Amino acid sequence: MTGRRGAEEQASPLRGIKVIEFTHMVMGPTAGVILGDLGADVIKVEPLRGDNTRRLKGSGAGYFPMYNRNKRSIALDL
Numbered sequence: 257m258t259g260r261r262g263a264e265e266q267a268s269p270l271r272g273i274k275v276i277e278f279t280h281m282v283m284g285p286t287a288g289v290i291l292g293d294l295g296a297d298v299i300k301v302e303p304l305r306g307d308n309t310r311r312l313k314g315s316g317a318g319y320f321p322m323y324n325r326n327k328r329s330i331a332l333d334l
């Protein structure tokens, strides 16, 4: 019988792949979420002040956590 961990590893076709994401708003973060869901190690690069979507209020308040799950992030002065 395969345990949960074994099933997760089998279901991660991009395990071991690193992706550097320099995107914001909708389409780029969506692609990063999909890659992360498939097991890639996604690193989101943000400006020093953070991604603008972190500060959305009202109906946009859940945008950042929804489209940036399964990612690590780093803030850089580029």
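Residue numbers (my numbering): 257 to 334.
In this text, a Cβ means the ideal position worked out from N, Cα and C, and glycines have one as well.
Quick caveat: nothing in here was measured; it's all calculated off a predicted structure.
Residue i classed as buried or exposed, judged by whether at least 16 other C-beta atoms fall within 10 angstroms
i, result
"residue 288", "buried"
"residue 274", "exposed"
Cut-off 6 Å between Cβ atoms - residues of its own chain near residue i, not counting five sequence neighbours on either side
i, result
"residue 312", "319"
"residue 276", "299"
Identity of the residues DSSP links to residue i by a beta bridge
i, result
"residue 276", "299"
"residue 290", "Answer by DSSP bridge pairing: none, since residue 290 is not bridged."
"residue 313", "Answer is none; residue 313 lacks a bridge partner."
Alpha-carbon spacing of residue i relative to residue j, whole angstroms
i, j, result
"residue 291", "residue 316", "23 Å"
"residue 330", "residue 321", "15 Å"
"residue 271", "residue 299", "14 Å"
"residue 282", "residue 334", "21 Å"
Cβ neighbours of residue i in the same chain (closer than 7 Å, five flanking residues each side left out)
i, result
"residue 285", "279, 323, 324"
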